[in-house]
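Take any residue in the sequence shown, note its place counting from 1, add 65, and you have its number in our numbering.
Every residue, glycine too, gets a C-beta built ideally from N, C-alpha and C.
First the structure, in the form of structure tokens, and then the observations on it.
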Amino acid sequence: MKEVGLYIHIPFCKRKCHYCDFYSICDVDSELIDSYFKTLQQEIEEVGMSSENLIVKTVYIGGGTPSIIDDKYITNIMKTIYSSFKLIDSPEITIEVNPGTVTENKLKSYKDSGINRLSIGMQSANDTLLKEIGRIHSWADFVECYKFAREVGFNNINVDCMIGLPMQTKDDVKNTIKEISILNPEHISVYSLIIEEGTRMEAMVNENKELLPDEDKERAMYWETKRYLESNGYKQYEISNFSKPGYESKHNLDCWHQKEYIGFGPGAHSYTDGIRYSNVSNVKEYIKCYEENRQEDSIIIHEKQDKTAMAKEFIMLSLRTLEGCNKDEFYKKFKYDLEKGFKSEIEKLEKLDLIENTKTHIKLTDKGLDLANIVWEEFV
Ligand SMILES: C[S@@+](CC[C@H](N)C(=O)[O-])C[C@H]1O[C@@H](n2cnc3c(N)ncnc32)[C@H](O)[C@@H]1O
Ligand code: SF4
Numbered sequence: 066m067k068e069v070g071l072y073i074h075i076p077f078c079k080r081k082c083h084y085c086d087f088y089s090i091c092d093v094d095s096e097l098i099d100s101y102f103k104t105l106q107q108e109i110e111e112v113g114m115s116s117e118n119l120i121v122k123t124v125y126i127g128g129g130t131p132s133i134i135d136d137k138y139i140t141n142i143m144k145t146i147y148s149s150f151k152l153i154d155s156p157e158i159t160i161e162v163n164p165g166t167v168t169e170n171k172l173k174s175y176k177d178s179g180i181n182r183l184s185i186g187m188q189s190a191n192d193t194l195l196k197e198i199g200r201i202h203s204w205a206d207f208v209e210c211y212k213f214a215r216e217v218g219f220n221n222i223n224v225d226c227m228i229g230l231p232m233q234t235k236d237d238v239k240n241t242i243k244e245i246s247i248l249n250p251e252h253i254s255v256y257s258l259i260i261e262e263g264t265r266m267e268a269m270v271n272e273n274k275e276l277l278p279d280e281d282k283e284r285a286m287y288w289e290t291k292r293y294l295e296s297n298g299y300k301q302y303e304i305s306n307f308s309k310p311g312y313e314s315k316h317n318l319d320c321w322h323q324k325e326y327i328g329f330g331p332g333a334h335s336y337t338d339g340i341r342y343s344n345v346s347n348v349k350e351y352i353k354c355y356e357e358n359r360q361e362d363s364i365i366i367h368e369k370q371d372k373t374a375m376a377k378e379f380i381m382l383s384l385r386t387l388e389g390c391n392k393d394e395f396y397k398k399f400k401y402d403l404e405k406g407f408k409s410e411i412e413k414l415e416k417l418d419l420i421e422n423t424k425t426h427i428k429l430t431d432k433g434l435d436l437a438n439i440v441w442e443e444f445v
């Protein structure tokens, strides 16, 4: 039996946040939602039927905004997953929620359907900043959502925050992290803003270059966050992720360990047998392919890896974790020594003080955490 993760994409949002380029659409009528879920169910059932040798370790329902739609759709999708796949005894099952779209009843229904981990998109405790980046909720909405989640019994909660936002200050970040820590979630993700092509944020920044904190300020926010969380019971286990011991996201850790996963829905990515592929990023096109029985047209192949490409990617992904790339694991998977295969790259990065080469691992140094992009370039 091969263990896999499942990713289910819910491509609907109430309003597009200015920075976001995840595939999602707004103002959707109920007919489209209905036919989307019929197609999604069909995709899950069809893949399930041809996956007898697979066992599901994690499920991640992401988006878009999974919490924007009636919870009956989520409950039905969970039923479809249970009836289409074998699952391990205690799978990690996560759903992403946006505070502006959640009710206590929805959360209860998620819990009842077997979902055991919640990821709440919060971003900042500063209401002005939330408005400026196009969020649909306030800090108070987030706190209410968090309290409902605890009340209905979620004991594994992640909170997403962002740093390097327009006009954000170090004090803003400090305050946000402090306010979140008081609530005591099991997991906190801290993402550095990426200006994605074609987003409203890109246009805003092009219009006013002063909008964003400079790189030094952004790095100071990162290190302040890291220091604060580490002295308040959180362990950093990946560049952007912190958790209480034992609450690391299994789904994400598996992705960084180059484990296989299958994505469902438009824009969802998959990785199986060394092939990276995705579904077309268009709900209507996705539905049409299934209606016309030409499922293969909904799939876009991005990469078919040979052994070298796979090894390079393995190093790159595992270097994202603070533990780094395990030499034994590398040997087991690729049947040669990491240090022999990538001698010059490792020596160069060590000289630049970007990675540390221990007996068992290569891993990012503190300087490497700030300059990870230079490290990735060596393994592209
Ligand atoms: C799919 S969204 C989370 C769920 C839900 N849609 C929401 O926003 O509340 C995943 C997370 O990625 C982060 N994110 C999205 N776009 C980003 C960007 N351009 N730069 C940095 N982080 C980003 C945000 O923290 C966001 O909460
Ligand atoms: S960040 Fe979340 S809510 Fe905002 S547009 Fe992206 S997916 Fe939708």
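- At a threshold of 8 Å, E303 does not count as near ligand 1, since its beta carbon sits no closer than that to any of the ligand's heavy atoms.
- Within the DSSP bridge table, the entry for F329 names I73 as partners.
- With a 10 Å radius around the Cβ and a threshold of 16 neighbouring Cβ atoms, T423 comes out exposed.
- Counting of Cβ neighbours within 10 angstroms places E161 among the buried residues, the total reaching 16 or more.
- Taking the Cα positions, D136 is about 15 Å away from I73.
- DSSP places P156 within a strand segment (E or B) once states are collapsed to three.
- DSSP lists no bridge partner for C320.
- Just so you know, the alpha carbons of G186 and L294 end up roughly 18 Å apart.
- Exclusion of the five residues before and after K315 leaves T123 and E157 as the residues of its chain whose Cβ lies within less than 6 Å of its Cβ.
- For T166, the number of other beta carbons within 10 angstroms of its own is at least 16, and it is reported as buried.
- C354 sits in a helix when the DSSP states are folded into three classes.
- For F307, the secondary structure class from DSSP, reduced to helix, strand or coil, is strand.
- DSSP assignment within the stretch 329-407 yields the following whole beta strand (DSSP E) runs of 3 residues or more, N-terminal first: 334-337, 340-344 and 364-369.
- The residues I158 and I160, in chain order, have a CB closer than 6 Å to that of I180 in the same chain once the five nearest residues on each side in sequence are set aside.
- The three-state secondary structure of M187, taken from DSSP, is strand.
- Leaving aside the five residues that flank H83 on each side, the residues in its chain whose CB is nearer than 6 Å to its CB run, in chain order, I198, G199, R265 and M266.
- Between V348 and P131, the C-beta spacing is not below 9 Å.
- Here T123 carries a strand assignment [DSSP, helix/strand/coil].
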